[in-house]
Amino acid sequence: MTEQPATFEAAMSRLEQIVSELETGKHSLEEALRMFEEGIVLGQRCREFLDRADVRVRTLVDASDGSLVEGARFDAGDDAPPGGDEDRDERA
Amino acid sequence: MSSYGERVFAVSEVNTLARELIEGEFATVAILGEVSNLREHSSGHVYFKLKDARAQLSAVCFRGDARLVDFELEDGMQLVARGRLTVYEAQGQYQLVARSLEPAGRGDLERAFRLLVAKLQAEGLFDESRKRSLPVFPRGVAVVTSPTGAAIRDILSTLRRRFPCVAVLFVPVQVQGDAAPGQIVRALDALSARDDVDVVIVGRGGGSVEDLWAFNDEEVARAIRRCAHPVISAVGHESDVTIADFVADVRAATPTMAAEIAVPVLADVVARIARMERSLATGARDRVELAGRRVASLLRSYALGQVRGRIEQSMQRVDHAADRLVRGAHMLLRDRATLLDAASARLGGLSPREVLRRGYSVCVDPATGRLVASEAGAVGAGRVHITFQDGAVSATVEGAVRAQGGKA
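First to last, the protein sequences are chains A and B.
For the first sequence, the numbering used here gives the first residue as 1, with consecutive numbering after it.
For the second sequence, the numbering used here gives the first residue as 1001, with consecutive numbering after it.
1. The beta strand (DSSP E) spanning residue 1063/B covers which residue range?
2. Is the distance from the Cβ of residue 1244/B to the Cβ of residue 1209/B below 8 Å?
3. For residue 58/A, does the three-state DSSP call read helix, strand or coil?
4. Once you ignore the five residues that flank residue 991/B on each side, which residues in its own chain have a CB closer than 7 Å to its CB?
5. Among 1054/B, 1072/B, 1089/B, 1100/B, which residue has its Cα nearest to the Cα of residue 1064/B?
6. Do you know whose CA, among 1041/B, 1126/B, 1042/B, 1083/B, lies nearest residue 1026/B's CA?
7. Leaving out five residues before and five after residue 1346/B in sequence, what residues of the same chain have Cβ atoms less than 6 Å from its Cβ?
8. Out of 55/A, 61/A, 43/A, state which residue places its alpha-carbon closest to the alpha-carbon of residue 15/A.
9. Can you confirm whether the segment 1111-1129 of chain B touches the segment 1067-1075 of chain B when touching is taken to mean that 3 or more C-beta pairs between the two stretches lie within less than 8 Å?
10. Quick test of the definition: if touching needs 3 or more C-beta pairs under 8 Å, does the segment 1056-1063 of chain B touch the segment 1003-1018 of chain B?
11. Look at the Cβ atom of residue 1270/B, then the Cβ atom of residue 1248/B, and state whether they are nearer than 8 Å.
12. State the start and end residues of the unbroken beta strand (DSSP E) segment that holds residue 1080/B.
13. Buried or exposed: residue 1054/B, going by 16 or more other Cβ atoms within 10 Å of its Cβ?
14. By the criterion of Cβ-Cβ separation under 8 Å, what are the contact partners of residue 58/A in chain B?
15. Would you identify the three-state DSSP class for residue 1149/B, choosing helix, strand or coil?
16. Suppose the cutoff is 7 Å on Cβ atoms and the five residues either side in sequence are ignored; what does the same chain contact list for residue 1390/B look like?
17. Can a CB atom of chain B be found closer than 8 Å to the CB of residue 6/A?
18. Closest to residue 1048/B by CA distance: which of 1363/B, 1078/B, 1038/B is it?
19. Tell me the DSSP secondary structure of residue 1071/B in three-state form.
20. Do you know how far the Cα of residue 1069/B is from the Cα of residue 1079/B?
21. Quick check on the DSSP output: the alpha helix (DSSP H) that includes residue 1181/B runs from which residue to which?
22. Quick one: residues in its chain with C-beta nearer than 8 Å to the C-beta of residue 1229/B, no 5 flanking neighbours on either side, listed in chain order?
23. Quick one: which chain B residues come within Cβ less than 8 Å of residue 47/A?
24. Within a Cβ cutoff of 7 Å, which residues of the same chain sit near residue 5/A, ignoring the five residues on either side of it in sequence?
25. Excluding sequence positions up to five away, which residues of its chain have a Cβ less than 7 Å from the Cβ of residue 1372/B?
26. Rounded to whole angstroms, what is the Cα-Cα separation between residue 49/A and residue 9/A?
27. Just checking, does the segment 1277-1293 of chain B make contact with the segment 31-41 of chain A on the three C-beta pairs under 8 Å criterion?
28. Put residue 1409/B into one of helix, strand or coil per three-state DSSP.
29. Going along the chain, which residues of its own chain have a beta-carbon closer than 8 Å to the beta-carbon of residue 60/A, five neighbours each way excluded?
30. Measuring straight from C-alpha to C-alpha, what distance separates residue 1290/B and residue 28/A?
31. Is there a Cβ of chain A sitting closer than 8 Å to that of residue 1189/B, yes or no?
32. Please look up how many angstroms separate the CB atoms of residue 1085/B and residue 1023/B, rounded, as I've assumed it's under 8 Å.
33. Give me, in chain order, the residues of the same chain whose beta-carbon lies closer than 6 Å to that of residue 964/B; leave out the 5 immediate sequence neighbours on both sides.
34. In this structure, does DSSP put residue 980/B in helix, strand or coil?
35. Could you pull the start and end residues of the alpha helix (DSSP H) that residue 43/A belongs to?
36. Check the C-beta distance from residue 1188/B over to residue 1234/B and give it rounded, since I have them as a contact under 8 Å.
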């Protein structure tokens, strides 16, 4: 089987490409079926990308060297008052 | 200069006279001073004094005008008040009736804004050709804004609602005050180095011109331009336009809209995938059908058995392909009741051998090699070849059969 696209965007555009090629009807039966199978795997893979339950939020804070390091978890829930004093636990 | 000589005025008379003189002389005046004794009356009128080192002046801003003030008035702030001078006759006090208030220096800010716009425009920083397009399906959305404002909450809730499979990298920064531009610049530069970011939203909620000023900073503008990822600006409300908006790849009117621009709607994407899966099934089925028709045509052409081996091979290929199609589809989608399943199941019936084995026959116009699928087609062809599971016959079409009772 062909190499799997690494990103959702790549999987989607490969899938689109296969669909439009398949619609031309120009391929041999074997090719068409191989493309069909690849397309089905891609569709499945795209769905898996989308299946993530919830937005993952990571907070990044300035690490004095110009890069960003993971900071304390940010809670934007309505129950929690916005923390003006978000205690940044800086892990390098 | 008038002189009123020996004339004796009533108090009210002289106050009226004074009011008329003052109003005539100071119909429009702009006064710079420090605010003190600020008092917002429940009526909505705002009373205060303007003072400098040596003197003070009473001032009032009536409700209708006070409502239009777009910043927080505070004692101690330097203000330019524009309006007219008048006399409050009952008290014999003269005062300023302010029609508009602005923080001192705002005029300077506006000038600075215009100069910077012209400069950056001349450098081409706002050129349409430099605007990058946004990713259609971002994996990582970076958000550079305040941890305490409404903007981050609006953005996160919009992302959750539309496209919950996205990862958010939130970089909290100050968005107003002297430290803000530097923090925003560092955040944008640091994000440039990361490959888990596909698009950056930078902005804040609404505020006064002064509150939004960090987004009119030259260094912030340059950092947006050199950011490795496309940037969506989202500063203030609809009507607020900052230099960050000019230089960003896409300007969003509000933080919520920035999130809407950044990601698609999940349901739309899922529907699109389902559509493509259907097209796949249809495309594959059409291809198998075509192969089936070729086999039928072969059966007809080589009915004399000249190349029986090849025919059988073709039939096997079609059967094999249809089997693979069905097996493959079922294996992959076993747990999903998708339209695809239905489409794939139909494919099972498309193997010509299966079709023929079930007692159906295939009717072909020998002149064109095309399948005859209608009464009109058969009558038009005149002569047809009919293929059964064990062979084919040639037949002459006598005419349409009038079914008894006809169709319902």
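Glycine is no exception: its CB is placed at the ideal position from the N, C-alpha and C atoms.
Quick answer:
1. Where residue 1063/B is concerned, there is no enclosing beta strand (DSSP E), although the alpha helix (DSSP H) it sits in stretches over 1063-1066.
2. no
3. strand
4. Here chain B has residues from 1001 to 1408 only, and residue 991/B is not among them.
5. 1100/B
6. 1083/B
7. Residue placement at residue 1346/B cannot be trusted, given a pLDDT of 47 that sits under 50; what the coordinates show is reported in the next sentence. There are no such residues.
8. 43/A
9. no
10. no
11. no
12. 1078-1088
13. exposed
14. 1167, 1168, 1169, 1170
15. coil
16. none
17. no
18. 1038/B
19. coil
20. 12 Å
21. 1180-1192
22. 1142, 1191, 1192, 1197, 1198, 1199, 1200
23. 1270, 1273
24. 11, 14
25. 1363, 1364, 1365, 1378, 1381, 1384
26. 10 Å
27. yes
28. Any answer about residue 1409/B is impossible in this case: the structure gives chain B only from 1001 up to 1408.
29. 68, 69, 70, 71
30. 10 Å
31. yes
32. 7 Å
33. Absent from the model: residue 964/B. The displayed extent of chain B is 1001 to 1408, so no value can be given.
34. In the structure as shown, chain B starts at 1001 and stops at 1408, and residue 980/B therefore has no counterpart that could be examined.
35. 29-50
36. Going by Cβ atoms, the distance from residue 1188/B to residue 1234/B rounds to 14 Å, so no, they are not a contact pair.
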